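**Q** Counting from 4, one number per residue, gives the positions in the sequence shown under the numbering used here.
Glycine included, every Cβ here is placed at the ideal spot set by N, Cα and C.
Only a predicted model underlies this, so the values are computations on that prediction, with no experimental measurement involved.
Here's a structure for you.
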Amino acid sequence: MVEPNQVVANQLRLSSSQQHYLYRVLRLGAGQQFVALDGLGQQWLATLTAVPDQAAIAPLPVSATATQAPITLAIALPKGSGFDDVVRQTTELGVSTIQPVISDRTLHQPNPKKLERWQRIALEATEQSERLLLPKILPPLPWRDYLQQTTEGQRWICVARGDAPHLLAAAQVGDPLVPAAIAIGPEGGWTAAEVEAAIAAEFQPVSLGPYILRAVTAPLAALTLVSAARALNYSLANSKDI
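Right, dumping it as structure tokens:
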């Protein structure tokens, strides 16, 4: 991952830490190549040169997935360090924004230092998965404060019990070009008052299936379902235009 100001014309200026990683950890040398990403949607094929802090670059094409509408996960903070895994794995799966929320059943108040840790985990996962876009990890918000400021066009709140439609079915009839938000509850689920507040904020209650998923598993399932439905809808829409 590189900063945009490191790119000058067709050259990439490498920081000391990047040089260490490329030359010492990966054991690359002059003439060898790697993919450089800026986290904002650009990628380049970079070739190391005889000058240690420089690499020659050529732009690479942007895939269709990078242009699809963003998906926000609003996740009630789970206990322990489980949120670290949620950040890492949802980044690999393509989440655009992660909004940690403090629900009525959140057991622990988040440590302010955790945000920096989550952002670092997201950066590492973005590099590992060669994603073009670095997801945003926002500071935690109380649930009702989040509801007052959300702007996504499609909004779903996952509930564990009841007769809510399946998230996959809801996503399949949605527009893949409209930003979406998916809300995932804590251990024990949302309270009735929290669900009512979400409905008032135009969130549609949905189900993830007949089984009770752990608080760290549900975000992965939800994101996978919506991403798959959107990719299929996007593909079908494009095939009709051919």
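Return the residue from the list Val11, Gly83, Asp88, Asp87 that minimises the CA-CA distance to Asp56.
**A** Considering only alpha carbons, the answer is Val11.
**Q** Does DSSP classify Val89 as helix, strand or coil?
**A** Helix at Val89.
**Q** Between the beta-carbon of Ala186 and the beta-carbon of Ala77, is there less than 8 Å?
**A** Cβ distance < 8 Å, so Ala186 and Ala77 count as in contact.
**Q** For the beta strand (DSSP E) containing Ile101, name the first residue and the last one.
**A** Segment 100-105, the beta strand (DSSP E) holding Ile101.
**Q** Comparing alpha-carbon positions, which option in Pro73, Tyr24, Pro145 lies nearest Gly188?
**A** Checked all of Pro73, Tyr24, Pro145; the closest Cα to Gly188 is Pro145.
**Q** Going by beta carbon distance, what residues of the same chain come within less than 7 Å of Ala201, once the five residues before and after it are set aside?
**A** These residues qualify, in order along the chain: Leu150, Ile160, Ala186.
**Q** Using the C-alpha atoms, what's the distance from Val219 back to Gly85?
**A** Taking the straight line from one Cα to the other gives about 6 Å.
**Q** Tell me whether the beta-carbon of Ser106 lies closer than 8 Å to the beta-carbon of Leu136.
**A** Not closer than 8 Å, so no.
**Q** Quick one, which of Val209, Ala72, Ser230, Val198 has its alpha-carbon nearest Leu180's?
**A** Looking at the Cα atoms, Ala72 is the closest of the given residues.
**Q** Who are the Cβ neighbours of Glu95 in its own chain at under 6 Å, not counting the five residues just before and after it?
**A** Taken in chain order, the residues that qualify are Ala128, Ser132.
**Q** Please give me, in chain order, every unbroken run of the beta strand (DSSP E) with length at least 3 that falls completely inside the segment 116-202.
**A** Runs of the beta strand (DSSP E) inside the segment 116-202: 157-161, 183-187.
**Q** Pick helix, strand or coil for Arg272, following the three-state DSSP scheme.
**A** Outside the displayed range of the chain (4 to 245) lies residue 272, so it cannot be described from this structure.
**Q** In angstroms with no decimal places, state the Cα-to-Cα distance between Gln112 and Pro213.
**A** Answer to the nearest angstrom: the Cα atoms are 30 Å apart.
**Q** Rounded to whole angstroms, what's the CA-CA distance from Leu223 to Val54? Just pull it up for me.
**A** Near 43 Å, if we compare the C-alpha coordinates of Val54 and Leu223.
**Q** Which same chain residues end up closer than 7 Å to Thr93 when comparing Cβ atoms and leaving out the 5 residues on each side of it in sequence?
**A** Cβ neighbours of Thr93 beyond the five flanking positions: Leu76, Ile101, Pro222, Leu223, Leu226.
**Q** From Trp47 to Asp148, what distance separates their C-alpha atoms?
**A** Distance between the alpha carbons of Trp47 and Asp148: 40 Å.
**Q** Do Glu205 and Ala184 have their C-beta atoms within less than 8 Å of each other?
**A** Cβ atoms of Glu205 and Ala184: not closer than 8 Å.
**Q** Out of Leu40, Ala173, Ile124, Arg108, which one is the CA nearest neighbour of Asp87?
**A** The shortest Cα separation from Asp87 among Leu40, Ala173, Ile124, Arg108 belongs to Ile124.
**Q** Beta-carbon separation of Ser210 and Pro143 under 8 Å?
**A** For Ser210 and Pro143, no; Cβs fall outside 8 Å.
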